[in-house]
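Have a look at the structure below before the remarks.
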Amino acid sequence: MEPIKTEIVVVGAGPGGYAAAFYAADKGKKVILIEQEKRLGGVCLNRGCIPSKALLHATKLITEAKDSHVRGISFDSPKIDLEKMRSWKESILNKLGQGISALGQKRGVQLLTGRGRFEDSKTLRVETAEGQKFINFDQAIIAVGSKSAIPKAFDLGNPRIMTSREALDLEEIPQELLVVGGGYIGMELGTVYASLGSKVVVVEAMDSILMGADADLVRPVMRYAEKAFKEVRLKTKVLKMSTSGKQIKVTFEVNGQEKVELYDRVLVSVGRVPNCEDFGLENTKVARDEKGFIKVDSKQQTADPSIYAIGDVAGGVLLAHKAAKEARIAVEVILGESSTFENIVVPAVVFTDPEVAWCGLTEAEAKAKGIVVKIAKFPWAASGRALSFDRTDGLTKLVIDPETERVLGVGIVGAGAGELISEGVLAIEMGATVKDLAETVHPHPTLSETLMECAEVFYGHATHVYSRKTMD
Amino acid sequence: MDVRLPNLGEGTDSGSVVSLSVKEGDVIKKGQTILELENEKAVAPIPSPADGTVANIRVKPGDKLTVGQIILSLSEGNGAEKKVEQKESTPGESHHSPEAPAHAETGEDRSKAEAALKTPPAGIPLPASPSIRKMARELGIDLTKIRGSESGGRIVLKDVRSYIQRLQQLAFPSKAVEPAKPAAEQIDFSKWGPIHTQSMSTLRRTISRRMHESWTTIPHVTQFDEADITKLMEMRKQLSAAYEAKGARLTLTCFALKAVVQVLKKYPIFNSSLNELAQEVVYKDYFHIGLAVDTEAGLIVPVIRDVDKKDLLTVAMELNQLAERARDRKVTLEEMKGGTFTISNQGGIGGAHFTPIVNKPDVAILGLGRGVLKPVVRNKQIEQRSMLPLCLSYDHRVIDGGQAARFVQELVEAFENFSQDEVKV
């Protein structure tokens, strides 16, 4: 069979892959986009960012309604129709997926539905519904993403042991839910199920949930979790699981002692692994690291000169917006531009309650690396906007270079932190100083003011915080 | 507290360190000079903003500083954190010492200073916007070599542009900047007798560069004349005691300042500058007169502002102060900026006519010689009169001979008919 010739083939239509395909097409390249699933959008759209945010939004009303009786508004207990919730969520995903397909079509990106496999450094074989197709490409961009890791000891083939994928399908609301792993996926989905009425226990092997975020930013989330969840157990390991009737028997290790408990369902969220299996990478020069992620340089180039890799499969932080940025860099490098993924500020957002968001240098990182910084904090208890909706459990902080007064990092915990962090990203990318933030007018009454006031705290003259000692 | 380079005023945001006047451990007072900074205009002392003990000096002679950059730290109290070790090349006195490291604006010196720029921690971009960083990558420019001029050391387009221009100048020295040096053959003067050498001070180098630039870029013409100042000298004699009583010395320069401004108002082209890029003449509606002052270290030109709005007594008092501070090298950079016309009075020393060099970006300069008694024909009689030599050098690109002749003529009249009312106190 005559192979299809193309300039660029992109494998995987997640937020990295479709961004790369569209951008390359916009730049005049002939592009083929390969996706094995019918609906485009990858994990992000199908079983990640988007569905989890939809469910968080939907279930938030349950807690909001409960909390609003102090404001003089009371509701009866909510009736939950899981079937309807699922189809509402699906409708969102369909809308988005169709939108992406339409955008690809308009750009002349050729979409092939099927599973791709590298034959060599210039050829991709795709198994489609109509049979095998061969694609001869100048450059390939691998964007096949990652999937939930599930340790062998937990993989009993029992549907009651879920990964995020199954958890988002909302088959039922378990009475007792165990979440293994206190990272962002476990904490977000734990919140969804807790709102729906499950008794949630989170176990984390490390001494803190949400590793990577500064301790003071995690504290309000921990406080919320202690209230909304049945329990958060730190420094606890799950040794094994076994089926016990309609339940799962879980053996823990706490302080060197074993403990056995029964749960209706278990969500395993202990990390993600790249989708590199059975992909024909061995037929190319592409090299992988010890965890299986594809090795790339700062230009997203793999060890194979005609193959690029972006997004989760290329390792680093596994975030959709990182993938999208890498997509742009890979395409620009292919176009001959001198782009590189160096010193790019990638914000992180955790959609817990309250949300946590940070970017640039964290306080903990500065400490670990011995970088001298100054920290300015603005507690949301001093924000009128936060008070107006009973969410004073927030904190805005700046990590500052004392010499140049440049903003090196921003951390926010609080309702809507995810929407606020972008100002911090822009500040760091633009090389803004604390003074720049303090001098910029922020609208009142909004939570964005906390960034300005935090900058003013640094100088000791924030309007809504009294500091006895001004900075030297 | 950290002491940062203060705002130097409009147009200037950087300079290079000539010498440090303090060392670590020194107890200093507010206002005391901590270092001398040279910019394109002159060398100026930078005062300490507070009392304290000097700790952690971050700059050294030859470093290029931008506004807001930290110079040193001051700790409160007296010598609490004394550091004994003294940094190399930290001359303790405020004068140029010959052993201060010579630093011309060679690429090597600059790149050395620039290589020491602080880079942000890993993962944090250099202080420049994403678009500037992208442009630098495309041009193959290493941003770590560029010192940003904005707050926090932010690098903006302007900084990249001037960096590239400097690289270009270093790579292809233009004749205007780098004088042709075929004649710079090394001569061994010691063949004919004993010699000694002295390295040129930074101020000397600045003067040298600026004079060369003015001389080679401005077509100079010098117009000579003489003014009869017999009457003026009598007036001065009568009133000098009254001025003295108010603490002012009534000198010929005071009269010259007022006379010049009077004529400048009539011939505004002499109070202008040439914008060579835009090919337009910039007329200034203010009259800030620079005065060439001869100091031990060399020539500096402090400026007296708004001479037209001040009476003679005010001008005289300001002039005394300024000249004194100029000799002590306490004139601030700010006080040497913004001049519109320059007067160089050699009368105090002696001499007759000479050909002053226009002080760019001015377009004219007035030289004054020593007023001497001369036989002059007046009303068909030979009389003894005090005659003052006037020499007006001007930029012939902007000013023509007729204008210059008229200007000098009016100036002579202004000296000869100086109004008694203006002199009264």
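Protein chains in written order, with this note's numbering: chain A, 1291 to 1762; chain B, 20 to 444.
For glycine and all other residues, C-beta sits at the position ideal for the given N, C-alpha and C.
**Q.** Selection from B:Asn378, B:Glu435, B:Ser38 and B:Thr351 that minimises the alpha carbon distance to B:Thr249
**A.** B:Glu435
Q: Consult DSSP for A:Leu1383 and reduce its assignment to one of helix, strand or coil.
A: helix
Q. Between A:Thr1353 and A:Ser1498, is the Cβ-Cβ spacing less than 8 Å?
A. no
Q.
Can you give me the C-alpha to C-alpha distance between A:Cys1339 and A:Val1333, rounded to a whole angstrom?
A. 8 Å
Q: May I have a chain-ordered list of the beta strand (DSSP E) segments no shorter than 3 residues that lie completely inside the stretch 380-444 of chain B?
A: 383-387, 391-397 and 400-414
Q: Drop a sphere of 10 angstroms on the beta-carbon of B:Asn398, count the other beta-carbons inside from all chains shown, and report buried for 16 or more, exposed for fewer.
A: exposed
(Q) Cβ closer than 8 Å: which chain A residues qualify as neighbours of B:Arg324? (A) Ordered by position in chain A, no residue passes the 8 Å Cβ test against B:Arg324, which lies about 31 Å from the chain.
(Q) Considering only the alpha carbon of each residue, which of B:Thr359, B:Trp211 and B:Met254 lies closest to B:Leu293? (A) B:Thr359
Q) Does A:Arg1696 have its Cβ less than 8 Å from a Cβ in chain B? A) yes
(Q) Which residues in chain B have a C-beta closer than 7 Å to the C-beta of A:Ser1628? List them in chain order. (A) Arg156 and Glu157
Q | Cβ shell of B:Ala147 (< 8 Å), same chain only, five flanking positions each side left out | A | Ala155, Leu162, Gly167, Arg173, Ile174 and Val175
Q: For the stretch 136-148 of chain B, enumerate the residues whose C-beta is nearer than 9 Å to any C-beta of chain A, in chain order.
A: Lys137, Pro139, Pro140, Ala141, Gly142, Ile143, Pro144, Leu145, Pro146, Ala147 and Ser148
Q: Excluding the 5 residues preceding and the 5 following B:Pro238 in the sequence, name in chain order all residues of the same chain whose CB lies nearer than 8 Å to its CB.
A: Asp414, His415 and Arg416
Q: Could you check what DSSP says for A:Arg1578 in three-state terms: helix, strand or coil?
A: strand
Q: Using a threshold of 8 Å, state whether the C-beta atoms of A:Pro1305 and A:Ala1614 are closer than that.
A: yes
**Q.** Proximal residues to B:Val334 (C-beta, below 7 Å), its chain only, five neighbours per side dropped
**A.** Cys273, Leu276, Lys277, Ile323 and Val326
Q) Whose Cβ in chain B lies nearer than 9 Å to the Cβ of A:Lys1659? A) Pro140 and Ala141
Q.
Can you tell me where the alpha helix (DSSP H) holding B:Ile226 begins and where it ends?
A. Thr221 to Thr236
Q: Pull up the distance between the alpha-carbon of A:Leu1323 and that of A:Ser1342, whole angstroms please.
A: 26 Å
Q: Quick one: which residues of the stretch 64-96 of chain B get their C-beta closer than 7 Å to a C-beta of chain A? List them in chain order.
A: Ile89
**Q.** Contacts that A:Lys1725 makes with chain B (C-beta to C-beta distance below 9 Å)
**A.** Ser170 and Gly171
Q: State the beta-bridge partners of A:Gly1699 as determined by DSSP.
A: A:Gly1650 and A:Val1689
(Q) Strictly below 8 Å CB to CB, what residues from chain B border A:Glu1373? (A) Ordered by position in chain B, no residue passes the 8 Å Cβ test against A:Glu1373, which lies about 46 Å from the chain.
Q.
For the stretch 1702-1734 of chain A, list every residue whose C-beta sits within 8 Å of some C-beta in chain B, in sequence order.
A. Ile1718, Glu1719, Met1720, Gly1721, Ala1722, Thr1723, Lys1725 and Asp1726
Q) What is the DSSP secondary structure of B:Ala190, reduced to helix, strand or coil? A) helix
Q: List the residues of chain B that A:Val1635 touches, going by C-beta distances under 9 Å, in chain order.
A: Gly142, Ile143 and Pro144
Q: Note down, in chain order, each residue of its chain lying with its Cβ closer than 7 Å to the Cβ of A:Lys1725, except the 5 sequence neighbours on either side.
A: Glu1695
Q: Would you mind stating whether B:Asn339 and B:Leu271 have Cβ atoms separated by less than 8 Å?
A: no
Q: Report, in whole angstroms, the separation of the C-beta atoms of A:Ala1348 and A:Pro1368, which I expect to be a contact under 8 Å.
A: About 10 Å; that fails the 8 Å criterion.
Q | Residue range of the unbroken alpha helix (DSSP H) whose run includes B:Gln257 | A | Thr249 to Ala264
Q. Exposed or buried, A:Gln1590, counting other C-beta atoms within 10 Å across all chains shown (16 or more means buried)?
A. buried
(Q) Just to confirm before moving on: does the CB-CB distance between B:Tyr286 and B:Leu332 stay below 8 Å? (A) no
Q. Any idea which residues DSSP pairs A:Met1452 with across the strands?
A. A:Leu1557
Q: Helix, strand or coil for B:Gly171, going by three-state DSSP, please let me know.
A: helix
Q: Using alpha carbons as the reference points, say which of A:Arg1329, A:Glu1456, A:Gly1561 and A:Val1731 lies closest to A:Leu1386.
A: A:Arg1329
Q. In three-state DSSP terms, what is A:Tyr1598?
A. strand
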